[in-house]
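Per the working numbering, the sequence shown starts with residue 39, numbered consecutively. The beta-carbon is built from N, C-alpha and C at its ideal position, and this holds for glycine as well. Treat the numbers as computed from the prediction; the structure is a model and nothing was measured. Contents: one structure, followed by commentary.
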Amino acid sequence: MKLKSLEVQGLRGIPEPLKIAPECKNVVIFGHNGTGKSAIIDSIDFLLTGKITRLIGEGSANIKKGKHWSHVDKDKGTVKGLFLLEDEEVTLERDTKYSYKLKIEPKELKDKVIEILGLAENGQNLLTRSGILKFITSTAGDRAQEIMSLLHLSKIEKIRRRLQNAKYKAEKANNESQSKNESNKEEIKQLLGLKHFSEEKCLKKCNEIRTQLGKKKIKQLEKKKILKNFDQSLFKGQERVMVDEIKNTIIALKEQLEKADETLDNFRKFLNILKEISKRIKLDHLSAYKNLFDAGFKLVEENECPLCGKEWNEKELKKVLKKRKTQIVDFGEENEEKIRKQANSMRQYLVKIETSLSKIKEVYLQYELSYDEDKLKSLLDSVKKLKIKLEGVMENLGENWQKHEKVFLNLKENWIKDELLKKMEDFLINQAKREEIKYKNWTTIIKLGDRIQKFNESLKEFTEKTYVFEGTELLYEAFNASRNEELEKIYESIKKNFASFYTLIHAEDEEDFEAEFSHDEASLEIGVDFYGRGRHPPHALHSEGHQDSMGICIFLALNKMFTKDKLNIVLLDDVMMSIDKNHRKQLCSLFNSEFPNKQFIITTHSRTWAEQLQSSSVVTRKNMLHFTSWDVETGPVFHVSALLWERIESKLKDDDVPGAAGLLRRDSEFFFQEVCEALKAKIPYKIINDPELGELLDEAYSTFTKTIKKAKAYYNEKNNKEKISKINELESKIKEAYKRTKANQWAVNASVHYNQWAELSPTEFKPIVKAFHDLFESFRCPECHSLIKKTKNSSNKSLSCNGGEINWVYT
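Here it is, written out as structure tokens:
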């Protein structure tokens, strides 16, 4: 689909109706910055996509469609375009008020148009200055996501992510079930005293215990079978505490009691910290003060205290508040960590004491032993109470902490060791040990039944989770492999075109350039060769101009891949700023050779670049639009770029010979530079200043005539009279035109830089203009009007034009 004509009104900087008619050909829009060139790009972008790309995305939060997309003085903007789609004309129209609505005529082409506009939605037909390095400098993840979007692979990517999430969840569930199963194994192993777990060893140990208890052996580790033939009433009620566990509790409690003095010292340090704080503030008011000062700072307005209403200087009041806050709240907060640390240490100690004393009490009750119940209860209650207070220490700062000192003093009393623990130790020796084996076996068999049941359940769960995990992993890997295989083909194609395009532009300095694309599940890394010194990120070592070349080349590679031959319109908005003249010339060759079916719409503020595009046959003169000025009320002023001769004629009509002379000299220098480059002529090198017009003209003429003679000699040998006739005709034409330029030798003296032209009258200057016009035309093909250039292939060297009319071999 190509653009035949465009009508814009009320969009961006175009208030009044504006029309251009590219007629499906390339267009160059040039002019100074601020003349409205980009408004044409915005209009086409809007017509194709319903959005203006430069006004959306990052940094556009305050840009509103209804307010900023249309002209500042208009309610809405309207864009209408006539396109050629497969030899059929189709009209598209859209306005900013209902940007989502697109009028398509004829309606029979709607489906085809919608399919093509889907390609434009991806933005891979529009390159702006701000976006030129988007793909080069973006992160690997963003770059891969961009490709996914261009490929319409968002659904595929969603499936990949879902499969990945399913795999992760299945893996997590599998790991959790495995940990649970391993934990159950460990519990059984510890219960039975096994060094290594196996079901055979567990079964053997289980049968040993059953035999000791007078029961038959079993063949399977199942809870029902483990407890088979046991009188369940034996196991009802409170579970017996085993001797070893009681012994360990006694040992632990003794160790804890040894630390009572140390903990008492810590408690007293804790009291000292609280005492220091209380000198400045009531401890239970610390939080309230903090809130008061925070609110006070917010509520201070003008010169009045927010609490008492008294007049205060605002700065003085804030100063006083800040000082008081430092004295009270900040001081309290500085000591808060010390308080928490001390409280946490004491709390942990008391938890251990409480646990051990409770276990001892439990054993006394279980075996119905006598002990001083009141004393133990009082001790336990005081320990619990202090522990609870310490758990919420910051909420209980106003507590009378001093009274709790007796807790640590009580823990130092001898009755705990000499009475409570000694009696328990004697009991364990004299009575509990006699019953321990029996109770131990009973307890073991009960616990084994429960733990085997848990183990069997967790083993079943683990087996199921493993099956699910392995299945999801297999599915994910198969999906990824298939996806990556297809992506690899796509990346390879993009990489190949990218490297090929870049090498074409930079053949003179990087003819061996290579690129590398490496991708994994959700990222795409790009590495480029740097003069044979390894591959590096594109923006790591290359200059700004080279980076811009890469940005353009990868854009064109992506465009070639994703727009195919359906969306032929390519929008380039002022993207050649840092690419030098020689490389721009190669870019023109790239446009002509690789994208002959694309319609380029190019904006630039460089007239030189615009002229290069015209001289390289990328664009015809009638499609060069010169935007000369812009006004907020009337919009841009532009005209079709006139030929040099028309502009000179206009100057001469106004008797402006100096202006005409300047145009002829500047454009002639540019033209003959192009000719010398096309003919590979040897231009004299100068350290200061470029070659002058006379030098360029003479070298172009000399190289051209010498090459023509070689071509004529070649065709004389071949006796090709038709070719010889055409060569003679061109040779005669160029010699005659060259003589006429030389007839005014005084006017083309290099030492005066053609300044004497400016002293002529319009009548005197016209023959010079005619001579140069004819000389210019002598270097062009009379049919396609492209410059005649030297070309070379594997077998021949020749003079040729872009259209193929001229193709003369020379030796």
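Put simply, the backbone Cα of N831 is about 48 Å away from that of E146.
With respect to the 8 Å criterion, E843 and E815 are not classified as neighbours on the basis of their beta carbons. Taking a cut-off of 8 Å for Cβ pairs, the stretch 732-741 and the stretch 757-766 do not touch, as fewer than three such pairs fall below it. Spanning the alpha carbons of L609 and K808 requires a straight line of approximately 37 Å. Burial state of R199 is exposed, judged by a 10 Å Cβ sphere holding fewer than 16 other Cβ atoms. For Q440, there is no enclosing alpha helix (DSSP H), as DSSP gives it neither H nor E. A residue is called buried once 16 or more other Cβ atoms fall within 10 Å of its Cβ, and A381 is buried on that count.
Residues of the same chain with a CB within less than 6 Å of the CB of V656, apart from the 5 flanking positions on each side, are N64, C626 and F629 in chain order.
In terms of Cβ geometry, S108 and G115 form a close pair [threshold 8 Å]. For K455 and E293, the gap between their C-alpha atoms comes out near 11 Å. With at least 16 other beta carbons inside 10 angstroms of its own, N597 counts as buried.
In the structure shown, the three-state DSSP call for M599 is helix. A distance of 8 Å or more separates the beta carbons of L165 and V675. By the neighbour-count criterion, in which 16 or more other beta carbons inside 10 Å mark a residue as buried, Y387 falls on the buried side. Burial state of G589 is buried, judged by a 10 Å Cβ sphere holding 16 or more other Cβ atoms.
Approximately 7 Å separates the beta-carbon atoms of F235 and I226; this is inside 8 Å, confirming the contact.
The way I'd put it, the stretch 134-141 doesn't touch the stretch 73-81; fewer than three beta-carbon pairs between them come closer than 8 Å.
Under DSSP, T829 forms a beta bridge with S836. N757 carries a coil assignment under DSSP once its states are collapsed to helix, strand and coil. With contacts defined as CB atoms closer than 8 Å, S833 and N845 fail to qualify as a contacting pair. With contact defined as three or more Cβ pairs closer than 8 Å, the stretch 44-64 and the stretch 641-650 are not in contact. Within the same chain, and ignoring the five residues on either side of R385 in sequence, the residues whose Cβ sits closer than 7 Å to its Cβ are K425, L428 and E429. Closest in alpha carbon position to D282, among S706, K397 and G841, is K397.
Non-local C-beta neighbours of I721 in its own chain, meaning closer than 8 Å and more than five positions away in sequence, comprise Q711, C714, P729, E733, L734 and E737, ordered along the chain.
In the structure shown, T743 falls within a helical segment according to DSSP collapsed to helix, strand and coil. Taking a cut-off of 8 Å on C-beta distances, the stretch 119-128 touches the stretch 42-55, as three or more cross pairs fall below it.
For S416, the uninterrupted alpha helix (DSSP H) segment begins and ends at E411 to E429. Each of S221, P144, D83 and L417 was checked against the Cα of E159, and the nearest Cα belongs to D83. Spanning the alpha carbons of Y409 and E392 requires a straight line of approximately 17 Å. Going by beta carbons, S394 and L291 fall inside the 8 Å limit.
According to the DSSP assignment, H664 belongs to the beta strand (DSSP E) that extends over M662 to D669. The stretch 209-226 makes contact with the stretch 489-502; the number of CB pairs closer than 8 Å reaches 3 or more. Here S654 is buried: its Cβ has 16 or more other Cβ atoms, across all protein chains shown, within 10 Å. L414 counts as buried, since no fewer than 16 other beta carbons sit within 10 angstroms of its beta carbon. Residue pairing from DSSP places V46 in a beta bridge opposite L56 and V117. When C-alpha distances from T849 are compared across L466, Y753 and V421, the shortest belongs to Y753.
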